[in-house]
Amino acid sequence: MESMAARVALMAGGACFSSWWMKANVDRAMPGLHRLMMALPVVLINHAIPFLFCVDLSDQLFRVTLAFLTAWISNFKILAFCLNRGPLCNDYYGKPRDWTFWQYTALLMLPMLPRRDYEETNGILSRLELQTLKRRLCQFVAKTALLLGISYTICELDPPAFLKGYIYALSLYGFLGFWMDLSAILGSVLLDMELTENFKHPYVAVSFADFWSRWNKVTGILLRCLSYDIIMEGRFVRGVYRKNDKKNCNEKRCQYRRAVAIVVLFILSGIMHEMVFWYSSGFWGWGWFAFFTYFGPALVLENAAISMGKHLLKISSVPRAVGIFYLFIAMSIPANQFFVPQSEQGGSKDLAKYVLALWK
């Protein structure tokens, strides 16, 4: 117990130091290499924080959570800021934001992104915000129950092989939803921040593009900042955010560059998922990398097929039920081939038992 309290104190101290260092030093540096060098101490601290916990079962859940929060999400926010991109930039929101120290610390360290159009309310929640808070509380309870239910299924039942990919996807949905909905509740109640919705009903998606636009939007935005946008714009360091940047980019860049940008985005996603797995298990398995990398060329081919269907066959859309069934099959194959075996090799069943033991 004392060891856990000491580690929590170290994490809190590291988060506060990182926030102070970013505001006092990194924020004043010019975007580019200079800002990146100034941010290096915080990046190293974020990579070191998960090592406060070992890969043993008793610590594995905390270690994988911190690897996701600090080594990935927080560092991506910092790297994007060094290139004058992402949610730490004031002009990202259209007008300057005067964050308090605690708001900035939460924005830096937690998997949360304020909505680009939100307005501060000086601590008073409007009726609409109260409705949003109630909805997120319900989502938090539902995803927590889902996480427990899937953990029980993995531990006690023997689901058919063709369903395992979907079951593991639901477990990831429950795990990520638990932390992200908790962050959203914290941001709304304590920090007066209206946050971006992280999951937008991904289970009703009808295509790869539709699914990834609904799934884990915080991570998706950060991945886009550090891969897709850089390739489409042809520059690492961005100037001032403009509302028509996306439109001009789409009009001026060729389809080849867009295809390359999509593939690179999913390669980066695969690398980061594999890194989180390495933190959790102590070895690099390549299965998660292969799973997420697969969707880059798959999405490019799907876009080409959709475009061909519209122009040659005059098919503008398919019934939603057909699209959902297609996506279930199309995602189950690589999941069962790559994602599930590595998850089981990394001790997913033991981790699920530990989640149930914590609840009890």
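All the letters of the sequence shown, read from the start, carry residue numbers 22 to 381 under this note's numbering. Cβ coordinates follow ideal geometry from the N, Cα and C atoms, glycine included. Owing to the predicted nature of the structure, the values given are computational and were not obtained by experimental measurement.
Looking at the backbone, the Cα of residue 124 and that of residue 134 are separated by about 11 angstroms. Membership of residue 279 in the alpha helix (DSSP H) is indicated by the continuous run 276 to 302. Within the same chain, 212 come within 6 angstroms of residue 127 by CB-CB distance, once the 5 residues on both sides are set aside.
Our two residues, residue 232 and residue 220, have alpha carbons roughly 10 angstroms apart in a direct line.
Here residue 128 carries a helix assignment [DSSP, helix/strand/coil]. Between residue 297 and residue 76 a beta carbon distance of about 13 angstroms is seen, past the 8 angstroms cut, so the two are scored as non-contacting. The Cβ-Cβ distance between residue 129 and residue 204 does not fall below 7 angstroms. With a cutoff of 7 angstroms on beta-carbon distance, residue 190 and residue 348 are scored as not near each other. Per the coordinates, the alpha-carbon of residue 299 lies some 8 angstroms from the alpha-carbon of residue 306. Selection 36, 355, 328, 373 evaluated against residue 308 yields 355 as nearest (Cα-Cα). Using a Cβ distance threshold of 7 angstroms, residue 172 and residue 373 count as a contacting pair.
Under the DSSP assignment, residue 120 falls outside any alpha helix (DSSP H); it carries neither an H nor an E label. When DSSP states are grouped into helix, strand and coil, residue 52 belongs to the coil group.
Residue 82 carries a helical assignment under DSSP once its states are collapsed to helix, strand and coil. By DSSP's assignment, residue 216 forms a beta bridge with 135.
Runs of alpha helix (DSSP H) with 4 or more residues, each lying fully within the region 175 to 249, are found at 182 to 210, 229 to 235, 238 to 244, listed in chain order. Closest by C-alpha distance to residue 154, out of 72, 325, 208, is 208.
The way I'd put it, the region 283 to 293 does touch the region 309 to 322; three or more beta-carbon pairs between them come closer than 8 angstroms.
Under the DSSP assignment, residue 91 falls outside any alpha helix (DSSP H); it carries neither an H nor an E label. The shortest C-alpha to C-alpha distance from residue 319 to any of 283, 196, 361 is the one to 283. The beta-carbon distance between residue 122 and residue 168, rounded to whole angstroms, is 32 angstroms. This is too long to meet the 8 angstroms contact definition.
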